[in-house]
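Shown next, in structure tokens, is the structure this report addresses.
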Amino acid sequence: MSGEQTQASSETDIETETAPREVETGADAVVRSLENAGVEHVFGVQGGAIMPVYDALYHSEIRHVTMAHEQGAAHAADAYGIVSGDPGVCMATSGPGATNLVTGIADANMDSDPVVALTGQVPTEFVGNDAFQETDTIGVTGPVTKANVFADDSDTVGTDVGTAFALADRGRQGPTLVDLPKDVTNGDTETTPGVPELPDTYDPPETADAEAVSAAAEELVRADRPAILAGGGVIKAEASEALRSFAKEHEIPVITTMPGTGAFPEDHELSLEIAGMHGTGYANMAITVTDCLLAVGTRFDDRLTGGVETFAPDAQIIHVDIDPAEISKNIEADHPLVGDAKAVLGQLADAMPGSPSTDAWLKQCETWKEEYPMEYAAPEDEPVKPQYLVERFDEATDDDTIVTTGVGQHQMWAWQYWTWKVPRTWVTSHGLGAMGYGLPSAIGAKFAAPERDVVCFDGDGSFLMTCQGLSVAVRENLDITVVVLNNDAIGMVRQWQDAFFGERHMASEYPWVPEFDTLAEAFGARGFRIDTYDEVDEVIEEAMGYDGPSVVDAHIDPDENVYPMVPSGGDNGLFALTEGQL
Amino acid sequence: MSRREEVQRQGLKGPSPEERRRPIGRRNSQGIRIDPAVAAEPEPRRTTISAYVKNEPGVLAGVSGLFHRRQFNIESLTVGPTQNEGYSRITLVVEEPDPGIDQIKKQLNKLVPVVHVRELDSDPVACELVILKIDGDEPDKVQAITEMYDGRTLDAGPETITVQITGTEGKIDDAIDAYEQFNIREIARTGQAALARGAEETARVDEKHT
Ligand SMILES: Cc1ncc(C[n+]2csc(CCOP(=O)(O)OP(=O)(O)O)c2C)c(N)n1
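Here the protein sequences line up with chains A and B, keeping their order.
Counting from 561, one number per residue, gives the positions in the first sequence under our numbering.
Counting from 5, one number per residue, gives the positions in the second sequence under our numbering.
What follows is the structure, given as structure tokens:
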């Protein structure tokens, strides 16, 4: 298969080739369904079994972005979904194309990101014969999708895609997949699909039970040490404004989970920033001794809770979630409020009989902020500290700048040291922790928000996993900046080896990393390098100023580790501030 | 504002773990707040869950995959068509502590083709079937046991006798015990099918799903 692009290459071609078409084939119906859903971009890679759908796309206004690897297509679609709020669409051929998508689909599933994946499949008559590039994509992706479906009829394939779109978008968002056998997409049909509709067996809840809301409101007002935990569901439900005004009105401090970061502005005095394994000391103190936790749109992931035995053990838990299965899954909810986060926050605001008296508690939180500052040691004559780079990029860019990352220490520093103010700006692989997420997600984010700056903080290890995406960024002339926080190591692994494996650095040091600035130039991007503090500001200015993709190879202090740290399954209140405390 | 300090130091500043304020309470491994002095881990219990589902390809794979993936303890699973075309009933016997049973119901409900899920009360109308193939040396004795358990002989030859017993799980267990005195060559058991007792509906579904 040649990897030729389906995009018409010049303006004139587009005008003559994209006249609206009648639906004649299953593939036309697939594309029409995407159009009906308002899809503007699709990320994918061509291949035998998906060719009919690409051919139908040729006649559509939908913009296809050819990616260098299907994993990147799925991550790009995921980031597109995070930034825009609407499902991102990715597409791949059968077999290896589909299996390459799996990491990105699994990531979207963990983080409840709206993604629609379309995969080619061998013709129906060959299914089950181990045909060339046949994989049981439905079987493989079942455990990592919200729903998936094997399209078996050219007349209904358009509706299948519409349903997949609606399911990805509505209720608790998530990835869906439609497997498209080539005979079904090639087959004739006269059925033009309508707008996406949910199946009649799926009915997401809106508002919570009114009595439960009143009981929760009374609990909250009675509390001495209340705290709000804002999860990713707050952002997904567009409930950040509602949460902000609720917290301010009742003067309740706010902690965010990793996916909830951006739901509440970190420069506000009520913000305790982030909790969990690498959360701030003050957030982990507060979440440990709170007596009433209003948790909104969070699934109480173990990286947040540490050991459940010691998670908020004195707290009445008010849990707001659109997914009833999240209630009491990991942490028992004393007040389960099932519904859309925005709607339920509205109900709760109306039901509050007063406000809790939080003066003493807020003072305590302030004291913790003073006692556990995030100040890091960074002497001038040592290699540059990664925290400083994150802070300087933050200061040099607008508040709505989108930040993506790989997975590892750099991801944690970006999370800790960027001051988050705006929802949908923090784009990372939370639940799956997929190295390689950074660059492809930056590409997807840029397509979703072309007018905004996009910075990707990557690790040297993570960047090596998907740096082929630079070819896409260069071809599409995407103005994104990749900052490789280069420590010549897969640092997070090395940090754990230092702490838990007797400093035996087995397979975690990378003395062979390429020069990333030179690598960038080879792709046709701009490359920069930072070794010392006095180069930092100049490089930031040049890299951010360059109108196209750039890579900053920032050689950071290889000995720097991430703190605070709660060891896996540990007690949040006993977070370590140095290795000696682990 | 940068939090950089041009100093030499390991890690971050702040009171050490021993100096910090500590909570009083505790949760158990299920995330439930407990009195650390009294509470024990919740005990598993056996119960029957009934799911009314749309007949879509993969629905059974979805259900069994779910149980495997989430480590739910499943004793038996049966599936078959209902009086409504296009819909099946899945009956599951599970053994879990209460939070697990709650999760099973909710996770099943999340599967798109699942229309309705409920736990049947402790005394549903429940039945299963077993087929046993037994050595044929003592046909009279085998026949006596078969009659005692209201069973039927399905096949009898010089070498083997094959019988069927239907009834509750307990009755079937007892019957198998009784046949143990002969040589049981093979057993095939269906798992339990169940409906709610009396006039009560097993699945409350609106008309679009009948
Ligand atoms: C795909 C994948 N493989 C392996 C891991 C395990 N892992 C977690 S963090 C990490 C190190 C990442 O190294 P790098 O990208 O250089 O970032 P650093 O920690 O050095 O900042 C590894 C290997 C992972 N998260 N994802």
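Cβ coordinates follow ideal geometry from the N, Cα and C atoms, glycine included.
From residue i to residue j, what distance separates their C-alpha atoms?
i, j, result
"B/ASP126", "B/GLU205", "Here residue 126 of chain B is Ser; the residue named in the question, Asp, does not match the sequence. Their backbone Cα atoms lie some 15 Å apart in a straight line."
"A/GLY699", "A/TYR614", "24 Å"
"A/ALA668", "A/ASP763", "21 Å"
"A/MET818", "B/GLU173", "48 Å"
"A/GLY722", "B/ILE138", "55 Å"
"A/SER714", "A/ASN689", "22 Å"
"B/LYS58", "A/ASP958", "50 Å"
"A/MET934", "A/THR927", "14 Å"
"B/SER92", "A/THR850", "47 Å"
"B/ARG208", "B/GLY90", "16 Å"
"A/VAL704", "A/LEU661", "11 Å"
"A/GLN567", "A/CYS650", "In this predicted model, A/GLN567 has a pLDDT of only 45, less than 50, meaning its place in the structure is not dependable enough to derive any value."
"A/SER562", "A/HIS629", "Per-residue confidence for A/SER562 stands at a pLDDT of 41, beneath the threshold of 50, marking its modelled position as unreliable; no derived number is given."
"A/THR695", "B/ALA200", "41 Å"
"A/GLU1143", "A/ALA1049", "Residue coverage of chain A in this structure runs from 561 to 1142, which leaves residue 1143 of chain A outside it and unanswerable."
"A/LEU897", "A/ASP874", "20 Å"
"A/ASP743", "A/SER654", "13 Å"
"A/MET670", "B/ASP154", "52 Å"
"A/ASP573", "A/THR1026", "In this prediction, A/ASP573 has a pLDDT of 47, which is less than 50 and means its spatial position is unreliable; nothing more can be read from the coordinates."
What do you get for residue i, buried or exposed, if any count of 16 or more other CB atoms within 10 angstroms of its CB means buried?
i, result
"A/ALA1136", "buried"
"B/ILE188", "exposed"
"A/HIS838", "buried"
"B/TYR158", "Residue identity check: residue 158 of chain B is Leu in the sequence provided, not Tyr. Looking at its Cβ environment, which holds fewer than 16 other Cβ atoms inside 10 Å, B/LEU158 is exposed."
"B/PRO162", "exposed"
"A/GLY1105", "exposed"
"A/ASN1047", "buried"
"A/THR1092", "exposed"
"B/ILE191", "exposed"
"B/ALA148", "exposed"
"B/ALA44", "exposed"
"A/ASN1037", "exposed"
"A/PHE1060", "exposed"
"A/GLY692", "Sequence inspection shows Phe at residue 692 of chain A; the Gly mentioned does not correspond to that position. So A/PHE692 counts as exposed."
"A/THR858", "buried"
"A/SER989", "buried"
"A/GLU886", "buried"
"B/ASP177", "exposed"
"B/ARG49", "exposed"
"A/GLY680", "buried"
"B/MET5", "exposed"
"A/VAL1014", "buried"
I'd like to confirm something about residue i: is its beta-carbon nearer than 7 Å to some heavy atom of ligand 1, or not?
i, result
"B/ASP154", "no"
"A/ILE1090", "no"
"A/ASN1047", "yes"
"A/VAL1053", "yes"
"A/ALA994", "yes"
"A/ILE665", "no"
"A/GLN947", "no"
"A/VAL643", "no"
"A/GLY968", "yes"
"A/ASP1020", "yes"
"A/ILE834", "no"
"B/ALA165", "Here the sequence assigns Ile to residue 165 of chain B, which means Ala is not the residue at that position. The answer is no for B/ILE165."
"A/ILE1050", "yes"
My understanding is that residue i touches residue j, with C-beta atoms under 8 Å, so please give their C-beta distance in whole angstroms.
i, j, result
"B/ILE135", "B/GLN168", "5 Å"
"A/THR821", "A/TYR932", "Contact doesn't hold; Cβ gap of about 18 Å is too wide."
"A/VAL717", "A/ALA724", "With 8 Å as the limit, A/VAL717 and A/ALA724 do not qualify as a contact, their Cβ atoms being about 11 Å apart."
"B/ARG113", "B/THR214", "Before going further, note that residue 113 of chain B is Asn rather than Arg in the sequence given. Actually they do not touch by this definition, with Cβ atoms about 19 Å apart."
"A/PHE871", "B/ARG193", "Actually they are not in contact, since the Cβ atoms of A/PHE871 and B/ARG193 sit about 42 Å apart, beyond 8 Å."
"A/ILE642", "A/VAL987", "5 Å"
Query raised in the report: Do three or more CB pairs link the stretch 729-740 of chain A to the stretch 667-680 of chain A at distances below 8 Å?
Result: These segments touch.
Query raised in the report: Do the stretch 1095-1103 of chain A and the stretch 1068-1083 of chain A meet, that is, are 3 or more Cβ pairs less than 8 Å apart?
Result: Because the criterion of three Cβ pairs below 8 Å is not met, the stretch 1095-1103 of chain A and the stretch 1068-1083 of chain A do not touch.
Requested in this report: For the stretch 995-1006 of chain A and the stretch 630-640 of chain A, state whether three or more C-beta atom pairs, one from each stretch, are separated by less than 8 Å.
Outcome: Segments in contact, yes.
Query raised in the report: Quick one: any contact between the stretch 974-983 of chain A and the stretch 947-957 of chain A, if contact means 3 or more CB pairs under 8 Å?
Result: Yes, the stretch 974-983 of chain A is in contact with the stretch 947-957 of chain A.
Report task. State whether the stretch 592-600 of chain A contacts the stretch 751-760 of chain A, with contact taken as three or more CB pairs (one from each stretch) at a distance under 8 Å. Result -> Three or more Cβ pairs closer than 8 Å define a contact, and the stretch 592-600 of chain A meets that threshold against the stretch 751-760 of chain A.
Query raised in the report: Is the stretch 957-971 of chain A touching the stretch 1039-1054 of chain A in the sense that three or more CB pairs, one from each, lie closer than 8 Å?
Result: By the Cβ test, the stretch 1039-1054 of chain A is in contact with the stretch 957-971 of chain A, since at least three Cβ pairs between them sit closer than 8 Å.
Query raised in the report: Is it a yes or a no for the stretch 891-908 of chain A touching the stretch 779-797 of chain A, going by three-plus beta-carbon pairs under 8 Å?
Result: As far as the Cβ criterion goes, the stretch 891-908 of chain A touches the stretch 779-797 of chain A, which means the pair count is three or higher.
Query raised in the report: Are the stretch 1107-1120 of chain A and the stretch 827-836 of chain A in contact at 8 Å, needing three or more beta carbon pairs?
Result: Contact between the stretch 1107-1120 of chain A and the stretch 827-836 of chain A is absent, because fewer than three Cβ pairs lie under 8 Å.
Query - Cβ contact check for the stretch 765-777 of chain A and the stretch 911-931 of chain A: 3 or more pairs under 8 Å - result: A contact between stretches requires three or more CB pairs, one per stretch, nearer than 8 Å, and the stretch 765-777 of chain A meets this requirement with the stretch 911-931 of chain A.
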